[in-house]
């Protein structure tokens, strides 16, 4: 059976269409954070019939990219395209529910594609400059319409960027997953471990950004609360997380930060 | 005094509020949010300046360079709408609209970036990810609710507040203590992050390391590995390089026979 049958081609085009819309939320419209990995991953996974892959990829990439901030003219890595592509590659490449090694391999593939997504983001912003220049020549009749046309054309450019990137990444990724499945078992074991270690890397990246200290007291306090209550007193994990939130609030209050 | 059709009402501000969600649609390196700002304020200018020449000249003014944090841009929009209203109605013909924009965009940009991107987003993400990793499928919805209740609420509030006080930033800072809230959010994010590491043995099976050891020891190992990564990060590695390095590390362990 051919890898790219009509069903697969339709799924790729469908994902690219949805990916384009999700990508708009990133910069061009709203910024309601639907484009964040924690939302975009499960959404793509649910759409393609593999919510678990979306949840795993979304959770991992959220931790890794959440503190990559669009400050000033800096264009951060496009975690939306990475998430949508990784989830779709894992789900479509597995023809159903993606096994853990395939999820890990998809994450690795889309990580390698990050520089390309940043380049595409830069190209769109340069093209937007030309639209801004075009508004300098107002038609006498309706300046408002000229402005709206030039401004809203940015929506089309941002949409096309995400759509085209998904359309390019998905067939490459699905082909790579097919080749990956033929590799020796050691590669599969390595990718399973890779997925399980990525949340720790994400945690390290966030701590590095939020705290100047090598060993942060609040991080250790949260860890102690969770480890003691969860592992020694067997308090349900959901309650443990609520207690760490309270612990953080009290810690801030009594350490003088709220003064 | 009756200013008639030169009076800006809640309906006009609502149009600006909705258009402000598209402030970054044509973001470019040269002029950043300039078109977005002009697009958001255009219906106001059309209402205030029926004279074509004056309307054109005000439009050109608002298409000059502008860049700030997109959510707090609503405060500047509110202030600018107020000054334009005062100028057009004759209440304050010397209103320095451009001066207000120039004075506020950089400080509000820095303030908004550190609050929204550097504190609120990590907090919402860390809390939701913690729950998602522990098996709560609804965590992404919680993330959207936490984030957008602040995001949309503040966007609306600061627009009307900016209009009410004519863009007085001191008033804004007295009302919303962004720096204090950012510090609080960062502290809570760090403790919840510690909580994520401490609950490692209860993570979803796809994410929980398949190592046969007591829960407490597993959590301690996870914490030790994270602290090691923090040390590596302090030497200046990028996330992409670290992810690739981690993949190579996993391959080395697999081929060395350490993981089965």
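Chains as they are written, first to last, in the working numbering: chain X, 127 to 385; chain S, 16 to 275.
In this text, a Cβ means the ideal position worked out from N, Cα and C, and glycines have one as well.
All values reported here derive from a predicted model rather than from experimental measurement.
Mind checking who residue i pairs with in its DSSP beta bridge?
i            : result
residue 81/S : 47/S
Given that residue i touches chain S, what residues does it touch there, using C-beta distances under 8 Å?
i             : result
residue 207/X : Within chain S, no residue comes near residue 207/X; the closest Cβ sits about 14 Å away, beyond 8 Å.
residue 221/X : Within chain S, no residue comes near residue 221/X; the closest Cβ sits about 19 Å away, beyond 8 Å.
residue 164/X : 140, 143, 144, 147, 154, 155 and 158
Assuming residue i contacts residue j under a Cβ cut-off of 8 Å, what Cβ separation, rounded to an integer in Å, is found between them?
i             : j             : result
residue 40/S  : residue 278/X : 6 Å
residue 258/S : residue 327/X : 7 Å
residue 240/X : residue 203/X : 5 Å
residue 150/X : residue 281/X : 6 Å
residue 214/S : residue 363/X : 5 Å
residue 123/S : residue 91/S  : 7 Å
residue 144/X : residue 173/X : 6 Å
residue 178/S : residue 96/S  : 6 Å
residue 117/S : residue 84/S  : Rounded, the Cβ-Cβ distance is 16 Å, inconsistent with contact.
residue 148/S : residue 185/X : 5 Å
residue 323/X : residue 265/S : 7 Å
residue 300/X : residue 129/X : 7 Å
Residues of chain X with a CB under 9 Å from the CB of residue i: which are they?
i             : result
residue 228/S : Residues of chain X passing the Cβ test: none, with the nearest at roughly 12 Å.
residue 163/S : 158 and 159
residue 66/S  : The contacting residues do not exist; residue 66/S stays about 13 Å from chain X at best.
residue 249/S : 334 and 340
Which first and last residues belong to the alpha helix (DSSP H) in which residue i is found?
i             : result
residue 277/X : 269–306
residue 153/S : Taken as a continuous stretch (DSSP letters only), residue 153/S belongs to no alpha helix (DSSP H), as it is neither H nor E.
residue 237/S : 230–248
residue 185/S : 184–190
residue 141/X : 132–150
residue 191/X : 177–191
residue 99/S  : 88–104
residue 211/X : 205–219
residue 315/X : 311–336
residue 27/S  : 25–34
residue 113/S : 112–127
residue 193/S : 193–213
residue 263/S : 254–270
I'd like the list of long-range same chain contacts for residue i, defined as Cβ closer than 6 Å, with 5 residues on each side in sequence excluded.
i             : result
residue 332/X : 193
residue 232/X : 212, 215 and 216
residue 88/S  : 38
residue 30/S  : 58
residue 253/X : 283
residue 199/X : none
residue 268/S : 274
residue 231/S : none
residue 260/S : none
residue 218/X : 137 and 300
Keeping to the same chain, check which residues put their C-beta closer than 7 Å to that of residue i; ignore five residues upstream and five downstream.
i             : result
residue 226/X : 318 and 321
residue 17/S  : In this prediction, residue 17/S scores a pLDDT of 49, lower than 50, which makes its location untrustworthy; the coordinate-derived value is nonetheless stated afterwards. None.
residue 54/S  : 34 and 37
residue 138/S : 200, 203 and 204
residue 229/X : 179, 182, 183, 216 and 321
residue 368/X : none
residue 191/X : 163, 203 and 205
Determine the chain X residues that contact residue i at a beta-carbon separation under 8 Å, and present them in chain order.
i             : result
residue 122/S : Ordered by position in chain X, no residue passes the 8 Å Cβ test against residue 122/S, which lies about 13 Å from the chain.
residue 30/S  : Those do not exist, as residue 30/S stays about 12 Å from chain X at its closest Cβ, beyond 8 Å.
residue 171/S : Those do not exist, as residue 171/S stays about 14 Å from chain X at its closest Cβ, beyond 8 Å.
Using the beta-carbon of each residue, which ones in chain S are nearer than 7 Å to residue i?
i             : result
residue 154/X : 39 and 40
residue 144/X : Per Cβ cutoff of 7 Å: no residues; residue 144/X is ~16 Å from chain S at best.
residue 370/X : 206, 207, 209 and 210
residue 168/X : 155
Grab me the residues of residue i's own chain with a C-beta within less than 8 Å of its C-beta, minus the 5 sequence neighbours each way, in chain order.
i             : result
residue 384/X : Because residue 384/X carries a pLDDT of 48, less than 50, the predicted location of this residue cannot be relied on, and no value is offered for it.
residue 76/S  : 112 and 113
residue 212/S : 234, 237, 238 and 241
residue 98/S  : 107, 110, 111, 112, 115, 181 and 182
Which chain X residues are close to residue i, counting only those with a beta carbon under 7 Å from its beta carbon?
i             : result
residue 274/S : 315 and 319
residue 54/S  : 273, 274 and 277
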